[in-house]
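Asker: Chains as they are written, first to last, in our numbering: chain A, 46 to 296; chain B, 1254 to 1424. Cβ atoms here follow ideal geometry from the backbone N, Cα and C, with glycine treated the same way. This one's a predicted model, so the numbers in the text were calculated from it and none came from an experiment.
#1: With a threshold of 8 angstroms between beta-carbons, can residue 1299 of chain B be considered close to chain A, or not?
#2: At 8 angstroms on the CB atoms, spell out the chain A contacts of residue 1278 of chain B, in chain order.
#3: Residues of chain A with CB under 8 angstroms from residue 1386 of chain B, in chain order?
#4: Cutting at 7 angstroms between CB atoms, please list the residues of its own chain near residue 1280 of chain B, excluding the five before and the five after it.
#5: Opposite residue 122 of chain A in the DSSP bridges: which residues?
#6: Just confirm the distance between the C-beta atoms of residue 246 of chain A and residue 258 of chain A, as a whole number of angstroms; I'd bet it's less than 8 angstroms.
#7: For chain A, is any of its Cβ atoms less than 8 angstroms away from the one on residue 1318 of chain B?
#8: Between residue 1408 of chain B and chain A, is the shortest Cβ-Cβ distance under 8 angstroms, so that the two count as touching?
#9: Is there a Cβ from chain B that is less than 8 angstroms from the Cβ of residue 144 of chain A?
#10: Identify the continuous beta strand (DSSP E) that holds residue 95 of chain A and give its terminal residues.
#11: Skipping 5 residues on each side, what residues in its chain have a beta carbon closer than 7 angstroms to that of residue 242 of chain A?
#12: For a test of the three-state rule: what should DSSP assign to residue 1301 of chain B, helix, strand or coil?
#13: At what residues does the alpha helix (DSSP H) containing residue 1392 of chain B begin and finish?
#14: Taking all protein chains shown into account, decide if residue 189 of chain A is buried (16 or more other Cβ within 10 angstroms of its Cβ) or exposed.
#15: Just the C-alpha distance for residue 1273 of chain B and residue 1328 of chain B, rounded to the nearest angstrom, thanks.
#16: So, for residue 1371 of chain B: in the same chain, excluding its five sequence neighbours on each side, which residues have a beta-carbon less than 8 angstroms away from its beta-carbon?
#17: Where DSSP assigns a beta bridge to residue 258 of chain A, which residues make up the other side?
#18: Taking the alpha-carbon positions, what's the residue 228 of chain A to residue 1296 of chain B distance?
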């Protein structure tokens, strides 16, 4: 036996897990893990940039991800640096310290999603409000389709975005009943919103402060239900002498 | 340019898994012999490929034309081996789904070999491992280690001599 031949035999196959680790580290694949949520078990995917998607953990989610993102998914632990923030972000309905990967979105879509992420827990905003905040006031429809294709629902809280007439509208994560469920979970009374929408109420004003707000804004909610005046448009509120709230910016 | 380098230049994302498949075993086992530890060799192998991917992502045609994959990968690996790994907490870590745990297909008498190899000087050990465990040529080793070919040859020669004497003394 030659030493050279013995040395050759000190190599072998590539151990399991290395090529997967490389795929995750280069971003050629995303990692995924399962988490509980108010609407059932969800699959959260992530890569070096941040959390890339969230979906109901129903059959076919691996295939759905590959189809939408052109990358595979591997069972993984999220990066230690920010993985602990995933549960917090889902509970808060806001990314907070959690980085999000919106590279698959256009700059406008990413901007709209980031604005949606800033809507406070327990409040809702209409599509038109998002369009205005994104400095594209005419783009309410584009905002609607951006919300419908929000890659990270729950964490980017598109459940807090409602139709411009005040009705709850559609919800991508399992359907409108989940939107109702999530809003209830965070203290919004969806039935009250529907009632206001049925009465065409868009904004509410407080005569003691002279300010009008969107109905779920915490400023007007602090005024007590019997003290507020309902208006069917911002123009009507303004002509009655009220000024727009600086917190919810009702337009 | 060889076929794999051409494929990497043409479509990096598509060809990169092929590079991992072909260069991975040599890289892992070479590092395993050099550092003597599965976990460390695994981390170094992954980090080498991740750096390589980022490097290749920025290559223009000319750099691909002049690229010799094996020595280049080993340059990265040997440099990483000299420094501490830093980026692990920024990446997702793969979770093995099967129940056999960490796979470690280590050859049976490798502990004895690791003991002998560790008696060599660092340049001798590196040259012997790269030549005979990994299977690189003299020119490739010279390129990867930044040492002249004559020195590499002498390191291999002296290293093997030393190993031979150790084995004679053992029996």
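Answerer: Inspection of the coordinates gives the following:
#1: Along the second chain, one-based indexing puts residue 1299 of chain B at 46. Judged by the 8 angstroms Cβ criterion, residue 1299 of chain B is in contact with chain A.
#2: Your numbering for residue 1278 of chain B matches position 25 in the second chain. Per Cβ cutoff of 8 angstroms: 56, 57, 58 and 59.
#3: For the purposes of this step, residue 1386 of chain B is taken as residue 133 along the second chain, with counting starting at 1. Going along chain A in sequence order, the residues near residue 1386 of chain B (Cβ under 8 angstroms) are 52, 53, 55 and 56.
#4: One-based indexing of the second chain puts residue 1280 of chain B at position 27. Taken in chain order, the residues that qualify are 1298, 1301, 1326 and 1330.
#5: As a first step, residue 122 of chain A must be located in the first chain, where it is residue number 77. Paired residue(s): B:1346.
#6: Position 201 of the first chain, counted from the first residue, corresponds to residue 246 of chain A. Position 213 of the first chain, counted from the first residue, corresponds to residue 258 of chain A. That pair is no contact at about 12 angstroms.
#7: Translated into the one-based positions of the second chain, residue 1318 of chain B becomes position 65. For residue 1318 of chain B, the answer is no, since every Cβ of chain A falls outside 8 angstroms of its Cβ.
#8: Your numbering for residue 1408 of chain B matches position 155 in the second chain. False, the Cβ-Cβ gap to chain A never drops below 8 angstroms.
#9: Locating residue 144 of chain A in the first chain gives position 99, counting from the first residue. Not closer than 8 angstroms to any Cβ of chain B, the Cβ of residue 144 of chain A fails to qualify, so no.
#10: Here residue 95 of chain A refers to the residue found at position 50 when the first chain is read from its first residue. Here the beta strand (DSSP E) through residue 95 of chain A covers 95 to 101.
#11: Numbered from 1 along the first chain, position 197 holds the residue referred to as residue 242 of chain A. If we look at residue 242 of chain A and ignore the five residues flanking it on each side, its Cβ neighbours are 210, 211 and 212.
#12: Counting from 1 along the second chain, the entry for residue 1301 of chain B is found at position 48. Helix at residue 1301 of chain B.
#13: Counting from one through the second chain, the residue named residue 1392 of chain B turns up at place 139. It spans 1391 to 1398 - the alpha helix (DSSP H) in which residue 1392 of chain B sits, taken as one unbroken run.
#14: Taking the first chain and counting its residues from 1, one reaches residue 189 of chain A at position 144. Classification for residue 189 of chain A: buried.
#15: In the second chain, residue 1273 of chain B corresponds to position 20, counting from 1. In the second chain, residue 1328 of chain B corresponds to position 75, counting from 1. Each residue's alpha carbon lies about 16 angstroms from the other.
#16: Numbered from its first residue, the second chain carries residue 1371 of chain B at position 118. Excluding residues within five positions, the ones whose Cβ falls inside 8 angstroms are 1289 and 1378.
#17: Along the first chain, one-based indexing puts residue 258 of chain A at 213. In DSSP, residue 258 of chain A forms a bridge with A:249.
#18: What you label residue 228 of chain A is simply residue 183 of the first chain in a count that begins at 1. What you label residue 1296 of chain B is simply residue 43 of the second chain in a count that begins at 1. Near 44 angstroms, if we compare the C-alpha coordinates of residue 1296 of chain B and residue 228 of chain A.
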